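Novice: I have a structure I would like to understand better, so I am pasting it below and will then ask my questions one at a time.
Residue numbers (mature numbering (1 follows the signal peptide of the UniProt record, and there is no 0)): -19 to -1, 1 to 213.
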(Lines of atoms letter the chains of each structure in order from A and count residues from 1; the text may use other names and numbers.)
(Lines give C-alpha, C1' and ligand atoms only; values in the text may rest on other atoms or scores of the structure.)
Protein backbone atom coordinates (compact mmCIF):
# COMPACT_ATOMS: atom_id res chain seq x y z
CA UNK A 1 0.00 0.00 0.00
CA UNK A 2 1.32 3.39 -0.98
CA UNK A 3 1.07 6.05 1.69
CA UNK A 4 1.10 9.77 1.08
CA UNK A 5 2.60 12.17 3.60
CA UNK A 6 0.53 15.32 4.05
CA UNK A 7 2.18 18.49 5.33
CA UNK A 8 -0.01 21.07 7.02
CA UNK A 9 1.51 24.51 7.41
CA UNK A 10 -0.27 26.90 9.76
CA UNK A 11 0.08 30.53 8.74
CA UNK A 12 -1.21 33.25 11.08
CA UNK A 13 -2.53 36.53 9.68
CA UNK A 14 -3.81 39.55 11.61
CA UNK A 15 -6.52 40.45 9.10
CA UNK A 16 -9.58 40.16 11.33
CA UNK A 17 -11.94 41.13 8.48
CA UNK A 18 -11.14 37.77 6.84
CA UNK A 19 -11.93 35.68 9.91
CA UNK A 20 -15.03 33.50 10.11
CA UNK A 21 -15.20 34.02 13.86
CA UNK A 22 -15.35 37.69 14.82
CA UNK A 23 -15.43 39.60 18.11
CA UNK A 24 -18.66 41.56 18.51
CA UNK A 25 -16.81 44.36 20.35
CA UNK A 26 -14.03 46.58 19.03
CA UNK A 27 -12.82 47.23 22.59
CA UNK A 28 -13.53 45.94 26.08
CA UNK A 29 -13.88 47.93 29.31
CA UNK A 30 -13.25 46.09 32.59
CA UNK A 31 -14.52 48.20 35.53
CA UNK A 32 -12.68 47.80 38.81
CA UNK A 33 -14.62 45.67 41.29
CA UNK A 34 -16.61 43.74 38.68
CA UNK A 35 -16.55 39.98 39.20
CA UNK A 36 -16.22 39.22 35.48
CA UNK A 37 -17.17 40.48 32.04
CA UNK A 38 -18.15 38.64 28.87
CA UNK A 39 -17.15 39.07 25.24
CA UNK A 40 -19.31 37.63 22.46
CA UNK A 41 -17.81 35.71 19.53
CA UNK A 42 -19.83 35.06 16.36
CA UNK A 43 -19.03 32.47 13.66
CA UNK A 44 -20.14 33.92 10.32
CA UNK A 45 -19.09 30.80 8.43
CA UNK A 46 -20.85 27.50 7.82
CA UNK A 47 -18.28 25.18 9.36
CA UNK A 48 -17.05 24.82 12.95
CA UNK A 49 -13.84 26.71 13.73
CA UNK A 50 -11.41 26.15 16.58
CA UNK A 51 -10.73 29.26 18.64
CA UNK A 52 -7.78 29.99 20.89
CA UNK A 53 -7.96 33.15 23.01
CA UNK A 54 -5.56 34.93 25.35
CA UNK A 55 -4.76 38.35 26.80
CA UNK A 56 -1.42 40.16 26.57
CA UNK A 57 0.14 43.35 27.92
CA UNK A 58 0.92 44.93 24.56
CA UNK A 59 3.20 42.55 22.66
CA UNK A 60 1.52 41.73 19.31
CA UNK A 61 3.76 38.66 18.98
CA UNK A 62 2.65 37.23 22.31
CA UNK A 63 1.41 33.67 22.70
CA UNK A 64 -0.74 32.04 25.40
CA UNK A 65 2.46 30.51 26.79
CA UNK A 66 4.43 33.77 27.05
CA UNK A 67 1.68 36.11 28.20
CA UNK A 68 1.47 36.99 31.89
CA UNK A 69 -1.52 39.15 32.83
CA UNK A 70 -3.80 39.55 35.90
CA UNK A 71 -6.78 38.04 34.09
CA UNK A 72 -8.33 34.60 33.72
CA UNK A 73 -9.97 33.96 30.35
CA UNK A 74 -12.46 31.10 29.95
CA UNK A 75 -12.56 29.05 27.83
CA UNK A 76 -9.08 29.55 26.36
CA UNK A 77 -9.77 27.01 23.60
CA UNK A 78 -13.21 26.23 22.19
CA UNK A 79 -14.91 25.05 19.01
CA UNK A 80 -17.51 27.47 17.65
CA UNK A 81 -20.09 25.91 15.34
CA UNK A 82 -20.94 27.58 12.05
CA UNK A 83 -23.67 30.19 12.34
CA UNK A 84 -23.38 30.08 16.12
CA UNK A 85 -21.72 32.05 18.89
CA UNK A 86 -19.62 31.66 22.01
CA UNK A 87 -19.08 33.84 25.05
CA UNK A 88 -15.63 34.40 26.50
CA UNK A 89 -15.56 35.16 30.22
CA UNK A 90 -12.83 37.43 31.56
CA UNK A 91 -12.11 37.64 35.28
CA UNK A 92 -9.62 39.94 37.01
CA UNK A 93 -7.37 37.82 39.23
CA UNK A 94 -4.71 40.35 40.21
CA UNK A 95 -4.43 42.84 43.02
CA UNK A 96 -5.98 46.27 42.47
CA UNK A 97 -3.04 47.67 44.43
CA UNK A 98 -0.74 46.51 41.65
CA UNK A 99 -2.35 48.81 39.06
CA UNK A 100 -2.59 52.62 38.91
CA UNK A 101 -5.66 53.98 40.67
CA UNK A 102 -5.67 57.36 38.92
CA UNK A 103 -5.76 56.14 35.30
CA UNK A 104 -6.69 53.28 33.00
CA UNK A 105 -4.39 50.35 32.26
CA UNK A 106 -4.37 48.72 28.82
CA UNK A 107 -4.22 45.08 27.76
CA UNK A 108 -5.13 43.27 24.54
CA UNK A 109 -7.53 40.41 23.84
CA UNK A 110 -6.38 38.01 21.10
CA UNK A 111 -8.68 35.57 19.30
CA UNK A 112 -7.06 33.09 16.90
CA UNK A 113 -9.50 31.57 14.39
CA UNK A 114 -8.31 28.18 13.10
CA UNK A 115 -10.56 26.77 10.33
CA UNK A 116 -11.13 23.00 10.04
CA UNK A 117 -8.72 20.90 7.98
CA UNK A 118 -9.96 19.88 4.56
CA UNK A 119 -10.99 16.23 4.31
CA UNK A 120 -10.16 15.68 0.62
CA UNK A 121 -6.46 16.53 0.77
CA UNK A 122 -5.63 13.62 -1.59
CA UNK A 123 -2.01 13.41 -0.46
CA UNK A 124 -1.24 17.05 -1.24
CA UNK A 125 0.76 19.44 0.86
CA UNK A 126 -1.54 22.15 2.17
CA UNK A 127 -1.26 25.52 3.87
CA UNK A 128 -3.78 26.23 6.60
CA UNK A 129 -4.44 29.90 7.33
CA UNK A 130 -5.38 31.08 10.82
CA UNK A 131 -6.66 34.61 11.36
CA UNK A 132 -5.90 36.53 14.56
CA UNK A 133 -8.18 39.32 15.80
CA UNK A 134 -6.84 41.66 18.49
CA UNK A 135 -8.75 44.33 20.40
CA UNK A 136 -7.96 46.63 23.30
CA UNK A 137 -8.97 45.77 26.86
CA UNK A 138 -9.02 48.70 29.29
CA UNK A 139 -8.96 48.14 33.05
CA UNK A 140 -10.79 51.13 34.51
CA UNK A 141 -10.48 52.15 38.19
CA UNK A 142 -13.69 53.25 39.89
CA UNK A 143 -12.57 56.63 41.22
CA UNK A 144 -11.40 58.45 38.12
CA UNK A 145 -11.83 62.20 38.35
CA UNK A 146 -13.85 62.83 35.16
CA UNK A 147 -16.42 60.86 33.10
CA UNK A 148 -15.13 59.14 29.96
CA UNK A 149 -17.57 61.17 27.86
CA UNK A 150 -15.58 64.32 28.73
CA UNK A 151 -12.28 62.97 27.41
CA UNK A 152 -12.23 65.34 24.41
CA UNK A 153 -12.23 68.34 26.75
CA UNK A 154 -8.83 67.28 28.07
CA UNK A 155 -7.09 66.95 24.69
CA UNK A 156 -4.97 69.75 23.24
CA UNK A 157 -2.84 70.06 20.10
CA UNK A 158 0.03 72.44 19.34
CA UNK A 159 1.64 73.17 15.97
CA UNK A 160 5.34 72.61 15.36
CA UNK A 161 5.94 72.79 11.61
CA UNK A 162 5.09 69.39 10.18
CA UNK A 163 4.37 68.04 13.64
CA UNK A 164 1.43 68.07 16.02
CA UNK A 165 2.18 67.95 19.72
CA UNK A 166 -0.80 66.14 21.26
CA UNK A 167 -1.44 66.23 25.01
CA UNK A 168 -3.92 64.09 26.92
CA UNK A 169 -4.67 65.43 30.43
CA UNK A 170 -7.38 62.83 31.12
CA UNK A 171 -7.10 59.51 32.99
CA UNK A 172 -8.35 57.63 29.89
CA UNK A 173 -6.59 56.37 26.78
CA UNK A 174 -7.51 58.58 23.82
CA UNK A 175 -7.99 56.53 20.63
CA UNK A 176 -8.13 58.89 17.65
CA UNK A 177 -9.31 57.30 14.40
CA UNK A 178 -8.63 60.28 12.12
CA UNK A 179 -7.36 63.85 12.27
CA UNK A 180 -8.10 66.36 9.54
CA UNK A 181 -7.73 70.08 8.90
CA UNK A 182 -8.69 72.29 5.96
CA UNK A 183 -10.20 69.37 4.08
CA UNK A 184 -7.22 67.02 4.27
CA UNK A 185 -6.22 64.18 6.55
CA UNK A 186 -3.12 64.89 8.59
CA UNK A 187 -2.16 61.28 9.35
CA UNK A 188 -2.51 57.89 7.68
CA UNK A 189 -2.97 55.73 10.78
CA UNK A 190 -5.01 55.99 13.99
CA UNK A 191 -3.24 57.34 17.05
CA UNK A 192 -3.55 56.48 20.73
CA UNK A 193 -2.47 58.85 23.50
CA UNK A 194 -1.92 57.38 26.96
CA UNK A 195 -3.39 59.06 30.06
CA UNK A 196 -1.54 62.15 31.29
CA UNK A 197 0.96 62.05 28.44
CA UNK A 198 2.17 63.96 25.39
CA UNK A 199 3.16 62.55 21.99
CA UNK A 200 4.53 64.12 18.81
CA UNK A 201 2.67 63.23 15.61
CA UNK A 202 4.21 63.74 12.14
CA UNK A 203 1.68 65.29 9.74
CA UNK A 204 1.26 65.29 5.98
CA UNK A 205 2.02 68.94 5.42
CA UNK A 206 2.44 72.07 7.47
CA UNK A 207 0.12 72.78 10.40
CA UNK A 208 -0.31 76.24 11.87
CA UNK A 209 -1.48 77.69 15.14
CA UNK A 210 -5.12 78.73 14.95
CA UNK A 211 -6.14 76.07 12.41
CA UNK A 212 -9.30 74.10 13.10
CA UNK A 213 -8.62 70.43 13.80
CA UNK A 214 -11.32 67.79 13.37
CA UNK A 215 -10.84 64.51 15.17
CA UNK A 216 -12.81 61.27 15.30
CA UNK A 217 -12.51 59.92 18.83
CA UNK A 218 -13.42 56.30 19.55
CA UNK A 219 -15.76 55.97 22.54
CA UNK A 220 -16.35 53.07 24.95
CA UNK A 221 -18.70 51.38 22.48
CA UNK A 222 -16.36 51.58 19.49
CA UNK A 223 -18.38 54.40 17.90
CA UNK A 224 -16.78 57.49 16.39
CA UNK A 225 -17.45 60.85 18.03
CA UNK A 226 -16.49 63.93 16.02
CA UNK A 227 -15.02 66.98 17.73
CA UNK A 228 -13.59 70.23 16.41
CA UNK A 229 -10.64 71.75 18.25
CA UNK A 230 -8.27 74.62 17.60
CA UNK A 231 -4.56 74.01 17.13
CA UNK A 232 -2.54 76.13 19.54
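The beta carbon of each residue, even a glycine, is placed where N, CA and C say it ideally should be. All values reported here derive from a predicted model rather than from experimental measurement.
What is the rounded straight-line gap between the Cα of residue 22 and the Cα of residue 83?
Specialist: For the purposes of this step, residue 22 is identified with residue 41 of the chain shown, where counting begins at 1. For the purposes of this step, residue 83 is identified with residue 102 of the chain shown, where counting begins at 1. Rounded to whole angstroms, the gap between the alpha carbons of residue 22 and residue 83 is 32 Å.
Novice: Suppose the cutoff is 8 Å on Cβ atoms and the five residues either side in sequence are ignored; what does the same chain contact list for residue 201 look like?
Specialist: One-based indexing of the chain shown puts residue 201 at position 220. The beta carbon of residue 201 is closer than 8 Å to those of 8, 10, 129 in its chain, skipping five residues each way along the sequence.
Novice: Below 8 Å on the Cβ atoms is my guess for residue 115 versus residue 41; work out the distance and round it to an integer in Å.
Specialist: The residue you call residue 115 lines up with position 134 of the chain shown. The residue you call residue 41 lines up with position 60 of the chain shown. Contact flag correct, Cβ pair sits at about 7 Å.
Novice: Counting Cβ pairs closer than 8 Å, one from the region 185 to 198 and one from the region 135 to 146, do we hit at least three?
Specialist: Note that the region 185 to 198 touches the region 135 to 146; at least 3 beta-carbon pairs, one per stretch, sit closer than 8 Å.
Novice: Give the secondary structure of residue 130 by DSSP, where H, G and I count as helix, E and B as strand, and everything else as coil.
Specialist: Counting from 1 along the chain shown, the entry for residue 130 is found at position 149. DSSP places residue 130 in helix when its eight states are reduced to three.
Novice: Can you tell me whether DSSP reads residue 150 as helix, strand or coil?
Specialist: Counting from 1 along the chain shown, the entry for residue 150 is found at position 169. Of the three classes helix, strand and coil, the one that applies to residue 150 here is coil, per DSSP.
Novice: Consult DSSP for residue 50 and reduce its assignment to one of helix, strand or coil.
Specialist: Sequence index remark: in the chain shown, residue 50 carries index 69 (1-based). When secondary structure is reduced to three states using DSSP, residue 50 falls in the coil class, being assigned neither helix nor strand.
Novice: In angstroms, rounded to a whole number, what distance separates the CA positions of residue 39 and residue 125?
Specialist: Sequence index remark: in the chain shown, residue 39 carries index 58 (1-based). Sequence index remark: in the chain shown, residue 125 carries index 144 (1-based). Straight-line Cα distance between these residues: approximately 23 Å.
Novice: Does residue 78 come out as helix, strand or coil in the three-state DSSP assignment?
Specialist: Along the chain shown, read from residue 1 onward, the residue named residue 78 stands at position 97. Residue state, collapsed to three classes: helix.
Novice: Can you tell me the Cα-Cα spacing of residue 96 and residue 36, whole angstroms?
Specialist: If you number the chain shown from 1, residue 96 lands on position 115. If you number the chain shown from 1, residue 36 lands on position 55. Their Cα atoms are separated by approximately 21 Å.
Novice: What is the rounded straight-line gap between the Cα of residue 5 and the Cα of residue 89?
Specialist: For this step, residue 5 is matched to residue 24 along the chain shown. For this step, residue 89 is matched to residue 108 along the chain shown. About 15 Å.
Novice: Could you tell me the alpha carbon to alpha carbon distance between residue 171 and residue 156, rounded to whole angstroms?
Specialist: In the chain shown, counting from the first residue as 1, residue 171 sits at position 190. In the chain shown, counting from the first residue as 1, residue 156 sits at position 175. Going by the C-alpha atoms only, they are around 7 Å apart.
Novice: Which stretch, first to last residue, makes up the beta strand (DSSP E) that contains residue 173?
Specialist: The residue labelled residue 173 in the question sits at position 192 within the chain shown. Its beta strand (DSSP E) spans residues 172 to 174.
Novice: Pull up the distance between the alpha-carbon of residue 119 and that of residue 135, whole angstroms please.
Specialist: For the purposes of this step, residue 119 is taken as the residue at position 138 of the chain shown. For the purposes of this step, residue 135 is taken as the residue at position 154 of the chain shown. Spanning the two alpha carbons is a distance of roughly 19 Å.
Novice: Looking only at its chain, what residues have a beta carbon closer than 8 Å to the beta carbon of residue 86, apart from the 5 residues adjacent to it on each side?
Specialist: In the chain shown, counting from the first residue as 1, residue 86 sits at position 105. 80, 119, 120, listed in sequence order.
Novice: Would you mind working out which of 169, 94, 16 sits nearest residue 214, comparing C-alpha positions?
Specialist: With the chain represented from -19 up to 213, any question about residue 214 goes unanswered, as that position is not in the structure.
Novice: Just mark residue 12 as buried or exposed, buried being the case when its beta carbon has 16 or more other beta carbons within 10 Å.
Specialist: The residue you call residue 12 lines up with position 31 of the chain shown. With fewer than 16 Cβ atoms within 10 Å of its Cβ, residue 12 is classed as exposed.
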